[in-house]
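Okay, structure first, notes after.
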Amino acid sequence: MSNHLAFATITATLQRTLQAAIQVDVDGARVTTLRPNEIGNSTPENGVNVFLYQIITNPALHNIDATPLRSRGLSVKRQAALDLYYILSVYGNDSELIPQRLLGSAVKTLNDNRVITQAMIQETCDRSTLTVLRESTLADQVQQISIMPLDLTLEDLSKTWGVFFQTPYVLSVAYKVLV
865 MSNHLAFATI TATLQRTLQA AIQVDVDGAR VTTLRPNEIG NSTPENGVNV
915 FLYQIITNPA LHNIDATPLR SRGLSVKRQA ALDLYYILSV YGNDSELIPQ
965 RLLGSAVKTL NDNRVITQAM IQETCDRSTL TVLRESTLAD QVQQISIMPL
1015 DLTLEDLSKT WGVFFQTPYV LSVAYKVLV
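Shown next as structure tokens:
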């Protein structure tokens, strides 16, 4: 894994990738990165919210470099093998099917971009309004970063939303990013 900005860089890259697509598909829509209980307070009328809600060690990827030695016997810094869990929530005028249109755009975009490339990361870091992301070393990471949709049951989705105390459910989908 890269430096301390890795999670923020991945979230910003997802936000940037989704923003490029949804603004074409739904005029005026915006992608935010707020806690679900903050949706509505400072969010645009129509949009997608990307929220990182859980980080778990990936045991399969963790064991890939279980012997961190180079051929000359020098130790190598191990990469963290983590799964980042995101919930994408959509909001807008239901009578105009805005949430469904936004969700369709987001799902299509992430399906078309199942790998976060070094170029995507570098472009996000270079063009972000968050200047601190320019210090991110995530683009130098060797390991591929993959995006996978999660099949959450209604019970799983209900439990996930239950964590956000007194936050009403909105149409959502979950994704896992393998770092």
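Here the sequence shown is numbered in our numbering, starting from 865 and rising by one per residue.
Positions of the beta carbon are idealized from the N, C-alpha and C atoms, including for glycine.
Alpha carbon of residue i to alpha carbon of residue j, nearest angstrom
i: N913; j: V1034; result: 11 Å
i: Y917; j: P923; result: 19 Å
i: G968; j: V954; result: 10 Å
i: T1029; j: N901; result: One detail in the question is off: residue 1029 reads as Phe in this sequence, not Thr. Computed Cα separation, rounded: 8 Å.
i: T873; j: I903; result: 21 Å
i: D1015; j: A944; result: 25 Å
i: Q1005; j: S959; result: 44 Å
i: Y1039; j: Y950; result: 5 Å
i: L966; j: A893; result: 8 Å
i: N957; j: T896; result: 17 Å
i: S992; j: V890; result: 22 Å
i: Q1007; j: E1019; result: 33 Å
i: D990; j: T981; result: 14 Å
8 Å Cβ cutoff met for residue i and residue j
i: L946; j: I920; result: yes
i: S1000; j: L869; result: yes
i: V1043; j: L948; result: yes
i: F915; j: L898; result: yes
i: T1017; j: W1025; result: no
i: A876; j: L952; result: no
i: V1037; j: P1013; result: yes
i: L882; j: T973; result: yes
i: V1041; j: I1009; result: yes
Exposed unless 16 or more other CB atoms sit within 10 angstroms - verdict on residue i
i: N975; result: exposed
i: N910; result: buried
i: A885; result: buried
i: V888; result: exposed
i: Q964; result: exposed
i: L1002; result: buried
i: S1022; result: exposed
Bridge partner(s) assigned by DSSP for residue i
i: Q918; result: Y949
i: A1038; result: I951
i: I980; result: I1009
i: V912; result: V895 and V954
Unbroken beta strand (DSSP E) run spanning residue i, endpoints
i: S1010; result: I1009 to P1013
Limits of the unbroken alpha helix (DSSP H) element including residue i
i: T1001; result: Where T1001 is concerned, there is no enclosing alpha helix (DSSP H), given that its DSSP letter is neither H nor E.
i: V888; result: A870 to D889
i: G1026; result: L1018 to G1026
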